[in-house]
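Same order as they appear, the protein sequences are chains A and B. Note that UniProt numbering numbers the first sequence so that position 189 is 189, with each residue one more than the last. Note that UniProt numbering numbers the second sequence so that position 290 is 290, with each residue one more than the last. First up is the structure itself, then whatever we jot down about it.
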Amino acid sequence: MSWWDELLANPAITEKLPEATLETLGMVVFSSFWTALVGLPLGLVLHATGKGGTRPVPVLYAVLSAVVNVGRAIPFIILIILLIPVTRAVVGTPLGWQAAVLPLAVGAVPFYARLVETSAREVAPGKIEAALMVGASRLRMTGGVIVREALPSLIAGFTVTMIALVGYSAMAGAVGGGGLGFLAITYGYQRFDVAVMFAAVIVILAIVFLIQFLGDRAARLVDHR
Amino acid sequence: MITLQDLRKVYATRSGEVVALDGISLEIPQGQIHGIVGQSGAGKSTLIRCLTALERPTTGSVVVDGAEVSVLSETQLRRARRRIGMVFQHVNLFEARTAAANIAYPLAVAGVPRAERATRVAELLDLVGLGGRGDAYPAQLSGGQKQRVGIARALATEPAVLLCDEPTSALDSATTRQILRLIRDVRDRLGITVVIITHETSVVREVCDAATLLADGRIVESGPLADVVTRPGSKLSQALVPVPDVGVADQRTLVQVSAGGAQAQIAHALYAIATEPDAHVVAGAIETLGGVRVGRWHLDVPDGDRAAVLGRLRAAGLAVEEDVA
Ligand SMILES: Nc1ncnc2c1ncn2[C@@H]1O[C@H](COP(=O)(O)OP(=O)(O)OP(=O)(O)O)[C@@H](O)[C@H]1O
Ligand SMILES: [Mg+2]
């Protein structure tokens with residue numbers, strides 16, 4: 001039997017691997033969706049209220065900034081455990097890939113918000129002034145100028161965030177049950193089925209490469225500089 | 001069109017207060033192209049930022065197009081700003097948008113319907129000589145072309161006032177001349193009032209009807225070029241028509257003679273200095289400014305003959321200043 005046939009005869013690979021792949025994709029896609037939805041506005045608020053922003057509010061900035069820093073400082077594995085009661089309340093159970101989406105998003109939001117703030121800061125103040133000078137409101141200017149001008153950089157940051165989420169999802173899955181990380185640990189570590197572990201790692205790699213490829217593609221598409 | 005009354009702007013900084021503008025009163029009539037010159041740090045940018053209310057004056061009043069901009073609410077200000085176009089040194093085009101979309105942005109903000117926007121953008125592109133380049137992104141345009149788009153964007157909402165902060169400092173001299181000609185052309189066609197901030201006196205010479213010289217946040221001198229250039233001892237005129245520097249030997253004095261007005265007055269001045277027996281002309285310049293011919297010469301005079309020479313030149317009706325070296 002060749003190694004290939006051997007792989008195809010292993011039910012952990014033919015049955016569990018596709019399922020685990022879908023679970024991982026589910027965790028990454030849903031958690032990155034929530035991350036974008038919350039992280040983008042949060043990052044823009046950080047930019048606007050910070051020093052040199054269009055509406056500096058030092059107190060609000062200090063509070064948000066502290067929350068974001070704390071969020072990023074807590075190790076992810078501890079965050080998952082800390083969030084178990086919240087996850088149970090919101091999702092109904094702390095187990096399964098669906099439950100993992102919540103701690104994943106909570107962990108990634110502060111990370112992405114900081115990246116958004118940095119991207120927004122790179123938009124030349126002159127462009128912001130140019131928009132305000134034609135009578136645009138701050139909200140309109142933020143969408144039409146900051147987000148639009150920073151889009152390549154926002155996409156690049158989102159790509160980095162998604163890839164980090166792939167890594168976190170392996171950890172979340174290992175704790176909550178589900179996904180490629182869980183598969184690799186249960187088979188590779190606990191049952192010494194190294195082939196399954198390698199297969200899981202290869203799929204994870206493929207997902208990471210695909211995200212990076214699509215992210216680069218999208219960033220280039222919107223970059224007119 | 002623009003009236004400034006006792007405008008003061010004080011910045012509080014860590015090392016104390018910085019008085020950027022110190023009691024500026026100025027009146028700019030409709031349709032005038034007004035140059036504001038002054039050394040770095042004189043307060044030129046602060047002045048223009050007060051006109052747009054990007055900066056609130058500490059005290060004093062700023063009236064643009066009939067509205068006191070320093071007291072407007074946020075909403076009123078947004079409306080008022082549509083009557084003010086702004087051209088920036090670094091152009092500040094939106095790089096993610098095409099030239100046409102850049103010009104359309106102020107129209108979209110003002111709520112102009114899409115179909116109407118397209119016609120207006122095409123007109124504006126033609127006005128600035130970029131017809132057919134609407135689909136280009138800023139990165140695909142030259143510096144001069146970008147500034148043309150910047151001017152078109154500033155004119156999109158048909159403002160009454162066009163404010164330009166160093167519009168040509170990033171451009172070479174041929175492009176500068178084209179852009180200045182465009183600004184003049186726009187004024188002639190639309191009757192718009194233009195304020196140009198610049199540190200290049202050549203810009204004032206080329207395009208302005210009037211000018212103001214700022215130093216340390218105060219107005220040193222101001223007025224229509226035709227008046228300024230014939231004013232004896234005018235600092236602004238000195239800056240606008242500079243005479244090359246030349247040294248002077250011991251026991252001799254450098255005397256400056258100025259004349260301005262019609263060609264006949266220049267001819268008269270030239271005759272007077274050419275026939276002056278005890279002085280040599282060592283440097284000079286003749287220019288046409290605001291439609292007026294201006295001449296300025298430096299004469300090298302032996303100390304002993306000084307009184308006699310000055311007497312004769314003054315008697316000939318020339319403006320004379322002593323010891324200019
Ligand atoms: N935001 C600010 N905070 C503190 N001081 C300021 C600020 N903006 C300007 N100033 C000070 O106000 C004065 C006038 O500055 P301004 O930028 O108006 O000069 P300028 O004439 O435009 O000079 P330049 O030709 O170099 O642009 C300077 O002394 C400057 O340091
Ligand atoms: Mg300046």
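Don't be surprised by glycine CBs; every beta carbon is placed ideally from N, CA and C. Keep in mind the model is a prediction, meaning the values are calculated, not measured.
| Item | Value |
| --- | --- |
| Starting from the Cα of V294/B, find the closest Cα among V10/B, T58/B and I286/B and give me that residue. | I286/B |
| When the Cβ atoms of the region 198-215 of chain A are set against those of the region 166-179 of chain A, are three or more pairs found closer than 8 angstroms? | yes |
| Helix, strand or coil: how does DSSP classify K16/A here? | helix |
| Step through the CB atoms of chain A and report whether any lies within less than 8 angstroms of the CB of V62/B. | no |
| Which bits of chain B does V116/A rub up against, with CB to CB less than 9 angstroms? | Within 9 angstroms Cβ-Cβ: nothing; V116/A doesn't reach chain B, min ~16 angstroms. |
| Of all the options G261/B, S258/B, P302/B and I266/B, which has the alpha carbon lying nearest to the alpha carbon of P277/B? | P302/B |
| Using a Cβ-Cβ distance under 8 angstroms, would L155/B count as near chain A? | no |
| Please confirm whether V170/B and G143/B have their CB atoms less than 8 angstroms apart. | According to the sequence displayed, residue 170/B carries Ala and not Val. It is a contact, given that the beta carbons lie within the stated cut-off. |
| Please tell me whether L154/A has its Cβ less than 8 angstroms away from any Cβ of chain B. | no |
| Looking at A150/A and residue 228/A, is the spacing between their C-beta atoms short of 8 angstroms? | Absent from the model: residue 228/A. The displayed extent of chain A is 1 to 225, so no value can be given. |
| Which residue comes first and which comes last in the alpha helix (DSSP H) that contains A174/A? | R148 to G176 |
| Sorted by chain position, which residues of the same chain lie with C-beta nearer than 6 angstroms to I204/A's C-beta, five sequence neighbours on each side aside? | L180 |
| In chain order, what residues of the same chain lie with their CB nearer than 8 angstroms to the CB of Q212/A, ignoring the 5 residues before and after it? | T159 and I163 |
| Pick out the complete alpha helix (DSSP H) segments inside the region 241-274 of chain B, 4 residues or longer, and give them in chain order. | 263-274 |
| For Y137/B, decide whether its Cβ has a neighbour in chain A, counting only Cβ atoms nearer than 8 angstroms. | yes |
| Grab me the residues of P244/B's own chain with a C-beta within less than 7 angstroms of its C-beta, minus the 5 sequence neighbours each way, in chain order. | A283 |
| At least one CB of chain A closer than 8 angstroms to the CB of L141/B: is that the case? | no |
| Helix, strand or coil, according to DSSP, for T201/B in the structure here? | helix |
| Let's see if you can read the secondary structure: which residues bound the alpha helix (DSSP H) around Y105/B? | A99 to V109 |
| Relative to ligand 1, what is the chain-ordered list of residues with a Cβ closer than 6 angstroms to any of its non-hydrogen atoms? | Y11/B, T13/B, V18/B, A20/B, G38/B, S40/B, G41/B, A42/B, G43/B, K44/B, S45/B, T46/B and H199/B |
| Note down, in chain order, each residue of its chain lying with its Cβ closer than 7 angstroms to the Cβ of R205/B, except the 5 sequence neighbours on either side. | L240, E287 and L289 |
| Examine chain A for any beta-carbon lying closer than 8 angstroms to the beta-carbon of R81/B, and answer yes or no. | yes |
| Excluding the five sequence neighbours on either side, which residues of its own chain have a C-beta within less than 6 angstroms of the C-beta of V87/B, listed in chain order? | G150, I151, A154, C164 and P167 |
| Among the residues of its own chain, which have a CB less than 6 angstroms from the CB of A99/A, if the five just before and after it don't count? | T87, V91, T93 and G176 |
| With 8 angstroms as the threshold, decide whether the Cβ of T52/B is near any Cβ in chain A. | yes |
| Going by Cα to Cα distance, which pick from I128/A, T161/A and S153/A is closest to V145/A? | I128/A |
| DSSP puts C164/B in a beta bridge; with which residues? | V87/B and I196/B |
| Would you mind working out which of I2/B, L21/B and A42/B sits nearest H199/B, comparing C-alpha positions? | A42/B |
| List the whole-angstrom C-beta distance separating V128/B from T58/B, where the pair is believed to meet the contact cut-off of C-beta under 8 angstroms. | Incorrect: roughly 37 angstroms between the Cβ atoms, too far for contact. |
| Listed from N- to C-terminal order along the chain, which residues in the region 121-152 of chain A have their beta-carbon within a distance smaller than 8 angstroms of any beta-carbon of chain B? | A124, G126, K127, E129, A130, A131, L132, M133, V134, G135, A136, S137, R140, G144, V145, R148, E149 and L151 |
| Short of 7 angstroms in beta carbon distance, which residues of its chain neighbour G16/B, apart from the five on each side in sequence? Order them along the chain. | none |
| Secondary structure at A285/B, three-state DSSP: helix, strand or coil? | strand |
| Taking the C-alpha atoms as reference points, what is the distance between G43/A and L115/A? | 7 angstroms |
| So, T3/B versus V63/B, is the Cβ gap smaller than 8 angstroms? | yes |
| When you compare each of L83/A, G173/A and G39/A to L25/A by their alpha carbons, which one comes out closest? | G173/A |
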